[in-house]
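Asker: First the structure, which I've put down as structure tokens, then a few questions once you've had a look.
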Amino acid sequence: MTRSFRYGAVTKHAAVLARFGAEAGFFAREGITLTIENVYGGPEMSAAVERGEVDVGEVGTPPGLTAIGQGRRIRIVGSALDRGLAFFLIAHPEIRDWPDFRGKTVAALSKGSCGYWYLRDILAQHGVDPDRDVTFRHLGAEFDRQLDLIAAGEIVALLAGGTYVALGEQQGIVRNWGGPQTLADVPSIQWSIQIASEAFIAREPELLRDVLEIVRRTGHYVRDNPDEWRAFVARLFDVSDEIAARSIGYELPYLHFDGQIDGPGLERALDLQYRIGSTERRLSVDEVVDLRYQPAPTPAPALRAIA
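Taking our numbering, the leading residue of the sequence shown gets 71, the next gets one more, and so forth.
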């Protein structure tokens, strides 16, 4: 019997492991028809998960925790591939120093997204008031056009993934200023998470477990087959193998392939969300994570792609 599953991605390039596993036939082999649903923005994804529009969504930890703190009946069930801060500040080449940001428009995926909060903090630590000195543009579905928007002068900067960094540098559109922790005193947190609604967890616990396990084993597969991973990234973003390789190189130090939550990083994220007022009180790990879905750190049987 075929089982259906809807997996949420916050952009058309996100949820890389789920996309790779679906293309390689890993889900179909287990009788699961997996579809990817793009829901742009962390707060938007959290709402879609609670409403049952997707079964699992990958979302940034800050908006996910904010949603739980606001009463959304969702729980963290795993870590996405980008467990660390795999984002980098890219800016138009004319932006040479922090005062140059004043009076300009910067961007984030959505208000309340990870990139939104971190860029605000970075700017503030360098004397740029994120409320008065810059204008934030929330890109939503335009997020995938970020380099075009920078080239056109509609925005000057945002926190971006490795592929946009590599492609923008090659085209001379942007300069890479570096990762958040090289630019400011910001915490290293659990960056991206998998979330599911309490209702779906109660209704389909085994299907959820099976999907998370396939995603985890897909992580093992791409880790052990870097050429296939690079080729997939090139196809996904429609870039050259060279750009795909540079993209992976930028992000690799921040990636984790086993689906395990970074416990200390999640605690720091809980501290952060309380400190900035996104949650009324300091939430506990037990309130936000369904620990039954945390995998044991043991190797799973190797997967083989279907030709």
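Cβ coordinates follow ideal geometry from the N, Cα and C atoms, glycine included.
Within the continuous beta strand (DSSP E) that includes S317, where are the two ends?
Answerer: Unbroken run through S317 is the alpha helix (DSSP H), D311 to E321; no beta strand (DSSP E).
Asker: Could you compute how far the alpha carbon of L278 sits from the alpha carbon of A88?
Answerer: 13 Å
Asker: Restricting to Cα atoms, I'd like to know which of E357, L282 and N295 is closest to E100.
Answerer: L282
Asker: Spatial neighbours of I173 within its chain, please: CB distance less than 8 Å, with the 5 preceding and 5 following residues excluded, ordered by chain position.
Answerer: The sequence given here places Gly at residue 173; Ile does not occur at that position. Closer than 8 Å at the Cβ level, and outside the excluded window around G173, lie D203 and V204.
Asker: For the pair the stretch 305-315 and the stretch 331-340, tell me if three or more CB-CB distances fall below 8 Å.
Answerer: no
Asker: With a 10 Å radius around its C-beta and 16 neighbouring C-beta atoms as the bar for buried, classify S183 as buried or exposed.
Answerer: Buried, by the Cβ-count rule.
Asker: Let me know if M115 comes out buried or exposed under the rule of 16 or more other beta-carbons within 10 Å of its beta-carbon.
Answerer: The residue in question, M115, is buried, as its Cβ has 16 or more Cβ neighbours within 10 Å.
Asker: Anyone know if the C-beta pair for Q264 and L155 falls short of 8 Å?
Answerer: no
Asker: By the three-class DSSP mapping on this structure, what secondary structure does A150 have?
Answerer: Coil at A150, not helix or strand.
Asker: Run through the DSSP bridge pairs and tell me what H208 is partnered with.
Answerer: According to DSSP, which records beta bridges pairwise, H208 is partnered with A178.
Asker: Tell me which same chain residues have a C-beta within less than 6 Å of the C-beta of T72, skipping the five on either side of it?
Answerer: G101 and T103
Asker: With distances taken between CB atoms, is the gap from V80 to V129 smaller than 8 Å?
Answerer: yes
Asker: Give the range of the beta strand (DSSP E) segment to which W247 is assigned.
Answerer: R245 to G248
Asker: Tell me where the beta strand (DSSP E) around A137 begins and ends.
Answerer: Where A137 is concerned, there is no enclosing beta strand (DSSP E), although the alpha helix (DSSP H) it sits in stretches over T131 to G139.
Asker: Would D328 and I146 qualify as a contact pair, given that the criterion is a beta-carbon distance under 8 Å?
Answerer: No, they are not a contact pair.
Asker: Beta-carbon within less than 8 Å of I383's beta-carbon, same chain only, minus the 5 sequence neighbours each way: which residues are those?
Answerer: For the chain, the structure presents residues 71 to 377; residue 383 sits outside this window and is missing.
Asker: Here's a check: name, in chain order, each residue in its chain whose Cβ is nearer than 6 Å to the Cβ of H162, leaving out the five neighbours to either side.
Answerer: I220 and V226
Asker: Classify L159 as buried or exposed, calling it buried when 16 or more other Cβ atoms lie within 10 Å of its own Cβ.
Answerer: buried
Asker: Going by DSSP, what residue range makes up the beta strand (DSSP E) through R287?
Answerer: No beta strand (DSSP E) holds R287; the alpha helix (DSSP H) holding it covers P275 to D294.
Asker: Taking C-beta to C-beta, are Q260 and I346 nearer than 8 Å?
Answerer: no
Asker: Could you please give the first and the last residue of the uninterrupted beta strand (DSSP E) stretch that includes F75?
Answerer: R73 to A79
Asker: To test your reading of the DSSP string, which unbroken beta strand (DSSP E) runs of 3 or more residues are found completely within the stretch 75-111?
Answerer: Entirely contained in the stretch 75-111, the beta strand (DSSP E) runs reaching 3 residues are, in chain order, 102-108.
Asker: So what does DSSP say about S262, is it helix, strand or coil?
Answerer: strand
Asker: How close, in whole Å, do the beta carbons of L325 and L151 come, if the pair is a contact with beta carbons under 8 Å?
Answerer: 5 Å
Asker: Is the beta carbon of V126 sitting closer than 8 Å to the one on A254?
Answerer: Their beta carbons are not under 8 Å apart, which means V126 does not touch A254 by this criterion.
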